[in-house]
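Chemist: Dropping a structure here in structure tokens format, bear with me for questions.
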Amino acid sequence: MRIKKVFCGSQIIWLGLILGACSHSESTLQHPLDTLRIDVGSEAPTLDPALSEDAAAGRIINDLFAGLVDFDQQNNPIPGMAESWNISANGKTYTFHLRDNLKFSDGSRITANDFIYTYRRVVDPKTASGHNYLLAGVVNGNKIIKGELPPTSLGISAPDVKTVVIQLDHPDANFLNYLTLGTVGVVSQKTINKYASAWTQAQNMVTSGAYVLSEHVVNGHILLTKNPYYFQESQVAIAKVDFFPYVDHNAGLSAYKTGGLDLVYQSVPIDQYQNLKQQYPSELHTIQQEGIYFYDLNQLLPQFKNNPELRQALSMAIDRNALVNKVLGQGETALYSNVTSTVESGAYKSVRYSWADLPYDEQVKIAQQLYAKAGYSASHPLKIDLSYNTDDLHKKIALAIAGMWKSTLGVEVTLSNQEWKTFIASRHSGNYVVARDRWVADYNSVTSYTQLYLCNGMQNNSHYCNPAYDKLVTAAENSSDLAQQQQLYRQALALALNDYAIIPLFQANYSKLVKPYVSNLDVEHNFFNVEQSKWVKFSD
Numbered sequence: 014m015r016i017k018k019v020f021c022g023s024q025i026i027w028l029g030l031i032l033g034a035c036s037h038s039e040s041t042l043q044h045p046l047d048t049l050r051i052d053v054g055s056e057a058p059t060l061d062p063a064l065s066e067d068a069a070a071g072r073i074i075n076d077l078f079a080g081l082v083d084f085d086q087q088n089n090p091i092p093g094m095a096e097s098w099n100i101s102a103n104g105k106t107y108t109f110h111l112r113d114n115l116k117f118s119d120g121s122r123i124t125a126n127d128f129i130y131t132y133r134r135v136v137d138p139k140t141a142s143g144h145n146y147l148l149a150g151v152v153n154g155n156k157i158i159k160g161e162l163p164p165t166s167l168g169i170s171a172p173d174v175k176t177v178v179i180q181l182d183h184p185d186a187n188f189l190n191y192l193t194l195g196t197v198g199v200v201s202q203k204t205i206n207k208y209a210s211a212w213t214q215a216q217n218m219v220t221s222g223a224y225v226l227s228e229h230v231v232n233g234h235i236l237l238t239k240n241p242y243y244f245q246e247s248q249v250a251i252a253k254v255d256f257f258p259y260v261d262h263n264a265g266l267s268a269y270k271t272g273g274l275d276l277v278y279q280s281v282p283i284d285q286y287q288n289l290k291q292q293y294p295s296e297l298h299t300i301q302q303e304g305i306y307f308y309d310l311n312q313l314l315p316q317f318k319n320n321p322e323l324r325q326a327l328s329m330a331i332d333r334n335a336l337v338n339k340v341l342g343q344g345e346t347a348l349y350s351n352v353t354s355t356v357e358s359g360a361y362k363s364v365r366y367s368w369a370d371l372p373y374d375e376q377v378k379i380a381q382q383l384y385a386k387a388g389y390s391a392s393h394p395l396k397i398d399l400s401y402n403t404d405d406l407h408k409k410i411a412l413a414i415a416g417m418w419k420s421t422l423g424v425e426v427t428l429s430n431q432e433w434k435t436f437i438a439s440r441h442s443g444n445y446v447v448a449r450d451r452w453v454a455d456y457n458s459v460t461s462y463t464q465l466y467l468c469n470g471m472q473n474n475s476h477y478c479n480p481a482y483d484k485l486v487t488a489a490e491n492s493s494d495l496a497q498q499q500q501l502y503r504q505a506l507a508l509a510l511n512d513y514a515i516i517p518l519f520q521a522n523y524s525k526l527v528k529p530y531v532s533n534l535d536v537e538h539n540f541f542n543v544e545q546s547k548w549v550k551f552s553d
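Here you go:
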């Protein structure tokens, strides 16, 4: 059956969107057999794959765009639009062989030149892609990103319409993983040239993935329909995908309970988690995520920029064990590092604060001494504006940490919540004092974390900069000796950690609700929470 429209006051509202806001005689809806309905938790700030930086937009873009390399449900690279590839003996040349008859959603042909345009666009400083670092290792990529060379000098070429050749500056075992990301999903140059920034509007967008954009109601829903020209169209089982941006997780949960959603993508109300474990034991999935939750201290501000004692004091004053066990309680792991202990099978678990195992009361004593050394006291307290995007989880964490800072150091904290799109822009521009942050690795490599602390890095929201860190990372990237490379990365991460570039808090879990009739989705082994709707089927 189709989702019905109902009246709520004077407005017509899609029932699947507002089930928690209006009363309706139906308490449970039969799910439409042709539509997968997903709560992505926030409005997607952009549907441009080169500009996407958040989970909500990324989830949708994975359905809209396809690249040379695809990925399976364990995030392993598999053939995508390239049916095969060859890697040279020195590991620096990748030759991709395209499938026959590739087409965009408007029926126009996809050729090797479309990939050249897409990759050049990602590294072009005018695009300002937050994930341009993925192509920094391509010949001239880093210089293009810095504005030192034109995008046309990027080391990518097309010997013919079905062959793409990419030259790297140095071997990189993660390169195929980079190419699985939506950032490098192939886009239509003709469409972007014609519509400029308006190319992502539903009436203009041309896509390359399993679905096309049919409707986008801001803060309402995003409806996708199956792309008839997608190269694996016959394997896509569900005709439509409807994404709903429930910022209020309670409203999303209500929609799920009453049949308006098939899947809650990445979060459930924190205060209802334990009850949901009892109510939906087979539908609630909680998975340790390859990612970190942390706070940014804006190091563009004088109180933080040259004050490592203050940054350390604020970090040590946080009781991480109380945070994960008493405030969160979903199995999160207290974090005393700027990288997880799980990435690359634990290769970086030694990167850890030297004080991590001290009893909390001893941590507080040291924090108080550092706070005083930094020039603050009860009569002259530090005043902080703590920003987070609107979400009960982030608010609960902020309240807890504000309380810890107040009780141990006397810091005066003002909480400030912002709408998601505004919040992202504020972090990037440095228009904040302290802000919550979260980074989920895109692939199983330390390089997904190291770029967070690079000077002028697009994802470096703390605006930390130590040239010595950048030098170590560059040396690691250029090393062909795995043991040496890992040691250099450890040194770099330890340097940034002890500079207190960020305040690490915990390694996150993610929780999602999935209806029993949603099949062919391997949730338990998806540690990056990266999905594609083309995997999903409805069981009887």
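Going by this note's numbering, the sequence shown opens with residue 14, and the numbers climb by one from there. Note that beta-carbon positions come from the ideal geometry of N, C-alpha and C, so glycine has one too. For clarity, every value in this text was computed on a predicted model and none was experimentally measured.
Give a yes or no on contact between the segment 537–548 and the segment 372–392, applying the rule of three or more CB pairs nearer than 8 Å.
Modeler: Touching, no.
Chemist: Cα separation between N263 and R50?
Modeler: When rounded, the distance between both Cα atoms is 17 Å.
Chemist: What residues in its chain sit with their C-beta under 7 Å from that of K386, if we drop five residues either side in the sequence?
Modeler: E322.
Chemist: What do you reckon, are the CB atoms on Y466 and N473 nearer than 8 Å?
Modeler: Yes, Cβ-Cβ distance for Y466 and N473 is below 8 Å.
Chemist: Contact check, G154 vs V136 under 8 Å by CB: the rounded distance?
Modeler: Yes, G154 and V136 are in contact; Cβ-Cβ is about 5 Å, under 8 Å.
Chemist: Looking at L236 and L194, is the spacing between their C-beta atoms short of 8 Å?
Modeler: Not closer than 8 Å, so no.
Chemist: Check H229 in the structure and name its three-state DSSP category.
Modeler: Correct three-state label for H229: strand.
Chemist: Is the segment 101–112 touching the segment 174–185, taking contact as three or more C-beta pairs under 8 Å?
Modeler: The segment 101–112 vs the segment 174–185: in contact.
Chemist: Note down the Cα distance separating R333 from F519, rounded to an integer number of angstroms.
Modeler: Cα to Cα, the separation comes out at about 7 Å.
Chemist: Which partner residues of T48 appear in the DSSP bridge assignment?
Modeler: According to DSSP, which records beta bridges pairwise, T48 is partnered with K253.
Chemist: From the DSSP output, which residues share a beta bridge with S429?
Modeler: DSSP lists S400 as partners of S429.
Chemist: Please state whether DSSP places E296 in a helix, a strand or coil.
Modeler: E296 falls in the coil class under three-state DSSP.
Chemist: For I331, name the three-state secondary structure that DSSP assigns.
Modeler: Reduced to three states, the DSSP call for I331 is coil.
Chemist: If the criterion is Cβ atoms closer than 8 Å, does the pair G226 and L60 meet it?
Modeler: It should be noted that the sequence gives Leu, not Gly, for residue 226. Contact: yes.
Chemist: Locate the beta strand (DSSP E) running through V178, then write down its first and last residues.
Modeler: Start and end: T176 to Q180.
Chemist: Could you check how far apart the C-beta atoms of I516 and I331 are, in whole angstroms? I think they sit under 8 Å.
Modeler: Their Cβ separation, rounded to whole angstroms, is 7 Å, which keeps I516 and I331 in contact under 8 Å.
Chemist: Run through DSSP, which three-state label would G33 get?
Modeler: Here the model assigns G33 a pLDDT of 39, short of 50, so the residue's position is not dependable and the matter cannot be decided.
Chemist: Which whole-angstrom value is the C-beta distance of T217 and T238, which I expect to be below 8 Å?
Modeler: Reading the sequence as shown, one finds Asn at residue 217 and not Thr. N217 to T238, Cβ: 16 Å. No contact.
Chemist: Can you tell me the Cα-Cα spacing of M14 and I251, whole angstroms?
Modeler: Residue placement at M14 is flagged as unreliable, the pLDDT there being 32, under the threshold of 50; a coordinate-derived value is accordingly withheld.
Chemist: How close, in whole Å, do the beta carbons of Y482 and A505 come, if the pair is a contact with beta carbons under 8 Å?
Modeler: 5 Å between Cβ atoms; contact.
Chemist: Counting along the chain, where does the alpha helix (DSSP H) carrying I283 start and finish?
Modeler: Neither: I283 is in no alpha helix (DSSP H) and is coded neither H nor E.
Chemist: What are the boundary residues of the alpha helix (DSSP H) that includes A380?
Modeler: Where A380 is concerned, the enclosing alpha helix (DSSP H) stretches over Y373 to K386.
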